[in-house]
Structure formats: structure tokens, C-alpha cells
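Numbering (mature numbering (1 follows the signal peptide of the UniProt record, and there is no 0)), first residue to last: -24 to -1, 1 to 422. All C-beta atoms in this analysis are idealised placements derived from N, C-alpha and C, irrespective of residue type, glycine included. Some notes on the structure that comes next.
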Amino acid sequence: MLIFKKTKQLMLGLMIAVTTFASAASGIMLNESAKADTVSTDKTLQLDVKAAIAVDAKTGQIIYSKNSDQTLPVASMTKLLSIYLVMQAVKEGKLSWDQKVPVDDASFQVSQDTKMSNVPLKKDTKYTVRQLYQASLIYSANGAVMTLANAVAGSQQAFVNKMKQLLRSWNIKDAELYTTSGLGNDEIGSGKYPGAPAKAENKLSAKDMALISQKLLHDYPEVLKTTSIARMKFNNGTSETEMENWNWMLKGLAKSYSDLPVDGLKTGTSDSAGANFAGTVNKDGKRIITIVLGAKHDNDADTSRFEQTQKLMSYVYNNYTYTTIKAQTKFNGASKLPVYHGKKLTTPVATKNSTDVWLKRGSSASDLQAKLSGNKKLYKKRGLEAPLAKNRTVGTLKLNTKGQQLAYLNGDSRLELPAVNTQAVKKANVFVIMGRAIKNFFTNLF
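In C-alpha cells form, the structure reads like this:
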């Protein structure tokens, strides 16, 4: 990511005008939470970006998508994946936050390049993992994240291979990865990935970046304590470097919006990528993740990526309603399963757990449609085998809604919830079973 000159940073206040801006019935089956409102009420959304996506941070529900499967250069957004592996290493005891690590030659050389985002590291100084971690996230310091990669894996190549392995475990198969920082392969000197083209650069889709962001927030939510820091000083031994977060949507920075309390995550900029941004906001207790790739970047003061992100975030909160489906919810037309040799021939079923779903504003509980399939492992012939204890996971409820395709980062094209039987079913006695058999015989006979 290109670093802005100090003089340009001082002029941003003059160059940038801070943008100001100005459901469903609960029914008997769903409990709808309070609607979240923000500035825009547009019913359509036109984003000036190559690709974009908005997802629920908890469930991975895809709320908005534009070219989200297209792989594109992601530049410094790569650091979210690198930081995940660093935090994983700390969790596993392979690193500690106060551990001091040396600076290798490749990382040192990159850190001296003032055309890039960097804090100038010193060869004769060791830095704590925490210092380098903060510099990587707040200031997108390339030499810092490369130093961390070496501390985790021993070399840049080995760390990139760990990145690839992690993505495969998340079923991300379209990634192109060559560097730990997001720089081009020809920009990191001796740390370049062997056998790869000189101009090779990291590419991922918006959907991939959304999943990486979701995994990071789910597994290491404490990362937000750092991504939300607007300004910090980096002590590089004999002097300090002022770090201002490149995420200008943070409170107190140039493109913050009072109605959107953004607290992360990461920008990425290069000539080929344009301006990218992985954003996250928690409004009224409802956190979403947004990704924009390929926004305009005409000059160093261009704020297009943040304006497009604001439009996307506002669109979600204004045009969708956050709905909680409680445990023990029943759906008409999908409320019972057959029981084989039970005292009762059917058992009522309901959702096992509560979950949340974003529905288009104006949709209601009656728009949710459910299909119920039984757990065949519990079946004998035509139904669930009796006796059957209460609250067994007896099937799956697959939910969709009129006028809205429910889709998720894991590839599901509908919301699937485990279903439990709400009543125990005893086995029928032998006389009842025989009587049913005789009745069925004559019914089928005539």
C-alpha cells in the first residue's frame, strides 16, 4: 500500500469534506428485533467498485453481493490473513506478545522503502511481537508483518505456504498467494516467492476476503482493540514514528460517520488493485462485514473506497431487518414427522437453537418458508423409530423467503436449522401395532 507523505496528511483536512448524511410483523413464530436505521434510504444500490460484498459477521449470511466470486488483487488486505496466523501462533504458545524478535535482511530492506507503508526498522534492534502486530494493522507496515512471518514460520515462503494451507482448510480454492504483506513478488527483494513470476501478486475474491474477516473476528475478536486505534506511536529504538490508521472511517479520522461506528478492519492499495477496504461496523448490536475491491484511487487523498463502504453499510441497515428466530419455533407445513410403531403416529418438531437472519424490509414472518427433512439415521421404514425421547435432533429445517435468496459464505443457498421433537413418543403395544397392520391391509386391499 502506498504511503502518504506527511505534508499530504496535514492537508487532508482541507482536501476532504467529511460526508454527512443526513418489518416484518413478529407473528406467532418469529421475534423480530428493533429495526436499525442509518442515513440512506435508497432502495437500489449502485457501487462504483469492481466487486463488493456485505455479510453478517456472526452467521456469514450474504446480504449484498456484486461480482463477489471474481478474484482480484487485494494488496495489503492480505495482512488480515497473516495476522490470523500470528494470533494463532500466540494462542498455541509458539509466540508471546512480549517476545522480542530480530529483523531479517529482506524485512529490513522493505521497511526502509518510504514509497510503501512502513515503520523504519533497525537491524540491530529487536521488536516485540505486539509492536510489530500493531504496526501491521494500524499502519499497514510491510516490513513489520514480514518480520512476524519469519518469526512464525522461519521464512517468507514457509509462511505463505501456511497461508495457503489455512485457506484450503476453509475451502477457499481460488486464491493466488505469493507474499505475506500483499506487496508484489518483485517488491520484497530476497523474500520473494521462488518460482513465481516477478510481477505476481496476491489475488482473492470479495467473498474470500469476507470469509477471512469473519474467521478472524470469530476466532480472535480481540483484534478489534487494535484495528479500532486511530493513532499510535511506534518506538523503533532511537526515535518514534507517528502512525495514523489508513482506515479513515474510524472515529476522529477524515471519513468517519457518526451513524456508523466502524472499528475495523484493513485497507489495501496498489496500482493494479486500486483502493480496497475490508470494513466492519457494529450498529445497535448487529455487526456486519463489508468488502469493496477496486474502488477509484485517482490520488493520495481519494476517499472513494470509504464513500462506497458507507453507501454499502447504510444500504444494509436501511433496507434489511435483523430478525431472531427463537429456539422451539414451529413452521406451518413443516411442523411434524412420522413415527414408526409409536403410540402416536407423528411427533411435533421445532427449531433446536435460536438464530438470526437479515430479511428485506417489508418482509414478514409469513414470508419464511420451511421444508422439513427427517434424520434418516433415526428412521425405521417410514418414520422415526419409537420410543423417542424428547428433544432429539430428528431432522433439518431448510428455510427460505419470498423475494430474497438466502445465501451464506459456506455455500449454503438457504438457512438450515436442526429440528427437535417437542414431545416424547412411547412405543405402541403389540395389539395397537397389529390393529394398525390389519387396518392398513384392508385399506390397501379395497
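Give the single residue among the options whose Cα lies nearest to the Cα of residue i.
i	options	result
residue 83	106, 126, 46 and 54	126
residue 48	327, 150 and 358	150
residue 169	240, 122 and 195	122
residue 274	241, 250 and 238	250
residue 309	105, 171 and 349	349
residue 118	163, 104 and 74	163
residue 326	344, 194 and 306	306
residue 146	177, 190, 178 and 109	190
residue 108	79, 188, 293 and 406	79
residue 174	43, 44, 81 and 159	159
residue 165	281, 131, 411 and 63	131
residue 320	408, 85 and 356	408
I believe residue i touches residue j by the beta-carbon criterion, under 8 angstroms. Please report the beta-carbon distance rounded to the nearest angstrom.
i	j	result
residue 192	residue 206	No, residue 192 and residue 206 are not in contact; Cβ-Cβ is about 20 angstroms, not under 8 angstroms.
residue 313	residue 299	Incorrect: roughly 25 angstroms between the Cβ atoms, too far for contact.
residue 200	residue 239	5 angstroms
residue 243	residue 41	With a Cβ gap of about 21 angstroms, residue 243 and residue 41 do not count as contacting.
residue 344	residue 212	That pair is no contact at about 56 angstroms.
residue 330	residue 302	5 angstroms
residue 178	residue 77	The Cβ separation is near 23 angstroms, so there is no contact.
For residue i, which residues of its own chain have a beta-carbon under 6 angstroms away from its beta-carbon, when the five flanking residues on both sides are left out?
i	result
residue 374	347, 390 and 392
residue 172	154 and 161
residue 214	none
residue 210	95, 111, 217 and 219
residue 415	none
residue 254	53, 185, 189, 241, 242 and 267
residue 7	For residue 7, the pLDDT reaches just 34, beneath the cut-off of 50, and the residue's location in the model is therefore unreliable, although a value from the coordinates is still provided. Counting only Cβ-Cβ distances below 6 angstroms, and skipping sequence neighbours, we find 300 and 302.
residue 282	224, 225 and 231
Spatial neighbours of residue i within its chain, please: CB distance less than 7 angstroms, with the 5 preceding and 5 following residues excluded, ordered by chain position.
i	result
residue 114	202, 205, 208, 219 and 221
residue 36	190, 384, 385 and 386
residue 65	71 and 128
residue 148	184 and 187
residue 75	104 and 105
Using C-beta distances below 8 angstroms, list every residue in its chain close to residue i, excluding the 5 sequence neighbours before and after it, in chain order.
i	result
residue 58	112, 121, 124, 125, 135, 139, 156 and 157
residue 318	359, 360, 362, 363, 364, 401, 402, 403 and 404
residue 296	39, 334, 335, 336 and 337
residue 142	57, 60 and 61
residue 237	227, 257, 258 and 259
residue 406	none
Using a C-beta cutoff of 7 angstroms, does residue i count as contacting chain B?
i	result
residue 175	Here chain B cannot be found, since the structure has a single protein chain.
Exercise. Quick one: complete alpha helix (DSSP H) runs, 4+ long, within the stretch 96 to 180?
Worked result: 105 to 114, 118 to 129 and 132 to 145
Exercise. Taking one C-beta from the stretch 123 to 140 and one from the stretch 232 to 241 each time, how about it: are there three or more such pairs within less than 8 angstroms?
Worked result: no
Exercise. Touching or not, the stretch 354 to 372 and the stretch 397 to 412, by the rule of three or more beta carbon pairs under 8 angstroms?
Worked result: yes
Problem set entry | Stretch pair the stretch 23 to 40 + the stretch 377 to 384: three plus CB contacts closer than 8 angstroms | yes
Exercise. Three or more beta-carbon pairs under 8 angstroms between the stretch 61 to 69 and the stretch 85 to 92, yes or no?
Worked result: no
Exercise. Which runs of the beta strand (DSSP E) spanning at least 3 residues fall entirely within the stretch 376 to 400, listed in chain order?
Worked result: 391 to 397
Exercise. Along the chain, which unbroken stretches of the alpha helix (DSSP H) at least 4 residues long are found entirely within the stretch 233 to 310?
Worked result: 280 to 295
Problem set entry | Within the stretch 329 to 356, ranges of the beta strand (DSSP E) (whole runs, at least 3 residues) | 331 to 336 and 344 to 350
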